[in-house]
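In case it helps, our numbering puts the sequence shown at residues 29 to 647. For each residue, glycine too, the CB sits at the ideal point set by N, CA and C.
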Amino acid sequence: MNKSTIIKLREIEADREANNLNGNYTIKMSQNVLLEEGDQVSVKSVFLDTRAETVVSVPEPITVEMDVAKYMWNYYADSDDTVANPFRPSQAVYSEGTGGEVAAIPDMRKYWCCRSTSADSQNAFILESTVLVPIKAYKKVRKLPFQLSYYVPNRTDGLRTTVTLLCPGFEYKKFPNGQTLKINIFVGSFNGQTDIKVVPFQGTNYFANANFMPDMSQNKVLSLLDDTFAELITQTVSIPIPASNYQPSELAQILTDGMSLLDQPGGNIGNDYTAALYPVNSPFLTSTQQLYDLDIRQGAENYPPPAETNETLLWLAEAENGAVPSVFSQWGRGITTPADDNLVGTNNASLNFDPVLNKMNFDIIHMPVFVPTTGGAYVPGIVYPPAAATKQEPVVAYSGVGFTDLRPTTFWDSLGFTQRNHVSAVASPTKMIYNAGSYITSPGGVKTALVPTAGREILPLLISSTEGVNVTAQYAGMDLVVEKKATWRNPATPNTTGIITDKTIPIIADRQFDTSSTDDGFYLVNIGIKFPQTMIGAQGASETGSNTLQSIVGKYFTQNNFLQDSGSGSITYTHVGEPQLINELSVRVTNGDGTQPTNTDIGDNNSIFLEIIKPALQN
Numbered sequence: 029m030n031k032s033t034i035i036k037l038r039e040i041e042a043d044r045e046a047n048n049l050n051g052n053y054t055i056k057m058s059q060n061v062l063l064e065e066g067d068q069v070s071v072k073s074v075f076l077d078t079r080a081e082t083v084v085s086v087p088e089p090i091t092v093e094m095d096v097a098k099y100m101w102n103y104y105a106d107s108d109d110t111v112a113n114p115f116r117p118s119q120a121v122y123s124e125g126t127g128g129e130v131a132a133i134p135d136m137r138k139y140w141c142c143r144s145t146s147a148d149s150q151n152a153f154i155l156e157s158t159v160l161v162p163i164k165a166y167k168k169v170r171k172l173p174f175q176l177s178y179y180v181p182n183r184t185d186g187l188r189t190t191v192t193l194l195c196p197g198f199e200y201k202k203f204p205n206g207q208t209l210k211i212n213i214f215v216g217s218f219n220g221q222t223d224i225k226v227v228p229f230q231g232t233n234y235f236a237n238a239n240f241m242p243d244m245s246q247n248k249v250l251s252l253l254d255d256t257f258a259e260l261i262t263q264t265v266s267i268p269i270p271a272s273n274y275q276p277s278e279l280a281q282i283l284t285d286g287m288s289l290l291d292q293p294g295g296n297i298g299n300d301y302t303a304a305l306y307p308v309n310s311p312f313l314t315s316t317q318q319l320y321d322l323d324i325r326q327g328a329e330n331y332p333p334p335a336e337t338n339e340t341l342l343w344l345a346e347a348e349n350g351a352v353p354s355v356f357s358q359w360g361r362g363i364t365t366p367a368d369d370n371l372v373g374t375n376n377a378s379l380n381f382d383p384v385l386n387k388m389n390f391d392i393i394h395m396p397v398f399v400p401t402t403g404g405a406y407v408p409g410i411v412y413p414p415a416a417a418t419k420q421e422p423v424v425a426y427s428g429v430g431f432t433d434l435r436p437t438t439f440w441d442s443l444g445f446t447q448r449n450h451v452s453a454v455a456s457p458t459k460m461i462y463n464a465g466s467y468i469t470s471p472g473g474v475k476t477a478l479v480p481t482a483g484r485e486i487l488p489l490l491i492s493s494t495e496g497v498n499v500t501a502q503y504a505g506m507d508l509v510v511e512k513k514a515t516w517r518n519p520a521t522p523n524t525t526g527i528i529t530d531k532t533i534p535i536i537a538d539r540q541f542d543t544s545s546t547d548d549g550f551y552l553v554n555i556g557i558k559f560p561q562t563m564i565g566a567q568g569a570s571e572t573g574s575n576t577l578q579s580i581v582g583k584y585f586t587q588n589n590f591l592q593d594s595g596s597g598s599i600t601y602t603h604v605g606e607p608q609l610i611n612e613l614s615v616r617v618t619n620g621d622g623t624q625p626t627n628t629d630i631g632d633n634n635s636i637f638l639e640i641i642k643p644a645l646q647n
């Protein structure tokens, strides 16, 4: 009679590998098993946790953070000096980046809110590039986000911040010594050191299994000398997420609720402009005066005294083909009531789950133009710009926000939002010149003219965004030109009053739930006993050969979020030779091409049952 021993290899009972990838673990057995000649080893059952395809797992409580920047769409004529124009001539000065004040034109571009920051050669630089070095001779280095930590420019206290970057995929044979990655961000120093370093992901050596490592010794840093540089003004929203397994729709609601708060935790709202109290406290929605107070005045105290080196509030146009951007300067607005102010940002911030696409999406993070109805109410819509506009295209947003960083990266990756969904803001070493405009000495006080003779010099940011990728907007469909009246056959003339539409262009995530990221119809289960079997793949293909392969698990049978196999794909091994003591077994589940499944393909509740059958002793 044969004697059977069952070995349970359950991932939640295992010592996880350093790479923190699901389906890759080691089991230390409670007792040793002796493998003798004639013993047969096979996989009896496999249960792979495919719930990761349908849920988002948060194993420990986390705080989700979003860094938010704001913009306004410039579709206003220079002659419009009403409150409806946030760039009205009486409150802002327009410069084309080549110096001096000129008449503003509606150029149909997004203008992002920035600060001017004075710098010197001791604490501010441009980090131009670094080198991505392969760890070993991999055939191909895959795309991977990573974070750099660096000192905040123009600080003397050693304050650090991070930026998320993306390693592009590249072939080792073409870049054996590494590939240069352009970065172009403003960084600071502390005690004479720049100290730019890689941020570990969740305390693990993430890059040991990512095929490359940024080589911080090969950073190319350019000195800023004594130049002033532009920085995006960002605010951070923090949303606590309890540990749990979430359906995508459930998590979307939690994040939407956290983004939509009128008064964020720790805030203070009111209606007293002289005391810097405003009706809303949100990174997603402020006013232009509120932004100035938050960043320049920083409270209820008076503005700093007039000086050419003082920081200013700038609205910097998105770059076009690397050209010097235009700018609106608001040195000080002098607004004392809400009736004189302008909202900026988005009045709705929503993360949605689309059950048709099975994808998450930010369906709206902008404020539409509100247009009148026949009943007198104002509803979301689009307008055509005035005739003076450089482009006669629909105005698809009044203002909005974009994300400059989303943390933790692993969490947002699990939703399908990556570094490509961040607004791009690249440091430019080419100076621009602008008119600083006017200045106000006290809340509600009299503006004092401050116009530098030669204009102000600044190193700008080259900012870019795309609707549907990192910003949202109203959807301008062709039906908008059909007027719903007796003359409906005639094309509607461009409507500067407004056309009603509530459709938006969303930011759609990359991840599709309830599906694997690979097209293979099977998984390979490798068990860390080096039995003498070999799988041979095609010449030049990915590394698929293995002498630890124990089972091939088809994806055709899934029940209760588990992919099950009852041994039909098992590869039986009969031991020949000296006895072998087994006290530790490693498990590695791979795709058909030998690559590791992502944590959104399989979860961490995998179980594999290994059977060892000893033949009956012969009399």
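Does chain B have any CB closer than 8 Å to the CB of residue 317? Here chain B cannot be found, since the structure has a single protein chain.
If we ignore side chains and look at the alpha-carbon of each, how far apart do residue 448 and residue 435 end up? 14 Å
What residues in its chain sit with their C-beta under 7 Å from that of residue 276, if we drop five residues either side in the sequence? 84, 381, 388, 541
For the beta strand (DSSP E) holding residue 439, just list the boundary residues, first then last. Where residue 439 is concerned, there is no enclosing beta strand (DSSP E), although the alpha helix (DSSP H) it sits in stretches over 437-443.
So, helix, strand or coil for residue 320, using DSSP? helix
For residue 632 and residue 39, which I take to be in contact (beta-carbon distance under 8 Å), what is that distance rounded to the nearest angstrom? 5 Å
Should residue 427 and residue 394 be called a contact, given that it needs their Cβ atoms to be closer than 8 Å? yes
Which residue or residues does DSSP assign as beta-bridge partners of residue 38? 635
List the endpoints of the continuous beta strand (DSSP E) containing residue 485. 484-486
List the endpoints of the continuous beta strand (DSSP E) containing residue 286. From DSSP, residue 286 is part of no beta strand (DSSP E) but of the alpha helix (DSSP H) over 276-287.
Sort 639, 375, 341 by Cα distance to residue 309 and report the nearest one. 375
Counting C-beta neighbours from all protein chains within 10 Å, is the total for residue 573 16 or more, i.e. buried, or is it exposed? Residue placement at residue 573 cannot be trusted, given a pLDDT of 46 that sits under 50; the coordinates are not used to answer.
Selection from 490, 81, 461, 431 that minimises the alpha carbon distance to residue 345: 490
Is the beta carbon of residue 142 closer than 8 Å to that of residue 98? no
Could you check the C-alpha separation between residue 205 and residue 214 for me, to the nearest Å? 26 Å
At the level of alpha carbons, what is the spacing between residue 60 and residue 81? 36 Å
Taking 7 Å as the limit between beta carbons, can you name the residues of its chain near residue 65, skipping five residues before and five after? 603, 604, 605
For residue 599, the first and last residue of its enclosing beta strand (DSSP E): Neither: residue 599 is in no beta strand (DSSP E) and is coded neither H nor E.
Around the Cβ of residue 517, are there at least 16 other Cβ atoms within 10 angstroms (buried) or fewer (exposed)? exposed
Pull up the CB-CB distance for residue 598 and residue 71, whole angstroms please, since I reckon it's below 8 Å. 4 Å
With H, G and I counted as helix, E and B as strand and the rest as coil, what does DSSP make of residue 570? Caution applies to residue 570, whose pLDDT of 40 falls short of 50 and renders its modelled position unreliable; the value that the coordinates give is listed next. Correct three-state label for residue 570: coil.
Counting pairs of beta carbons, one from the region 414-431 and one from the region 443-458, are three or more of them closer than 8 Å? yes
So what does residue 175 bridge to, in DSSP terms? 192
Could you work out which residue in 73, 30, 52 is closest to residue 636 when comparing CA atoms only? 73
For residue 33 and residue 623, what's the separation of their Cα atoms in angstroms? 31 Å
What would DSSP say about residue 517, mapped onto helix, strand or coil? coil
Mapping the DSSP letters down to three states, classify residue 100 as helix, strand or coil. strand
Alpha carbon to alpha carbon, how far is residue 287 from residue 306? 18 Å
Do residue 267 and residue 290 have their CB atoms nearer than 8 Å? no
Please name the residue, chosen from 550, 511, 392, that lies closest to residue 502 on a Cα-to-Cα basis. 392
On the criterion of 16 or more Cβ atoms from any shown chain inside 10 Å, does residue 134 qualify as buried, or is it exposed? buried
Thinking C-beta only, is residue 526 closer than 8 Å to residue 352? no
What did DSSP end up calling residue 509 once you bin it into helix, strand or coil? helix
Let me know if residue 52 comes out buried or exposed under the rule of 16 or more other beta-carbons within 10 Å of its beta-carbon. buried
Among 41, 207, 93, whose alpha-carbon lies nearest the alpha-carbon of residue 190? 93
First through last residue of the beta strand (DSSP E) which encompasses residue 268: 262-269
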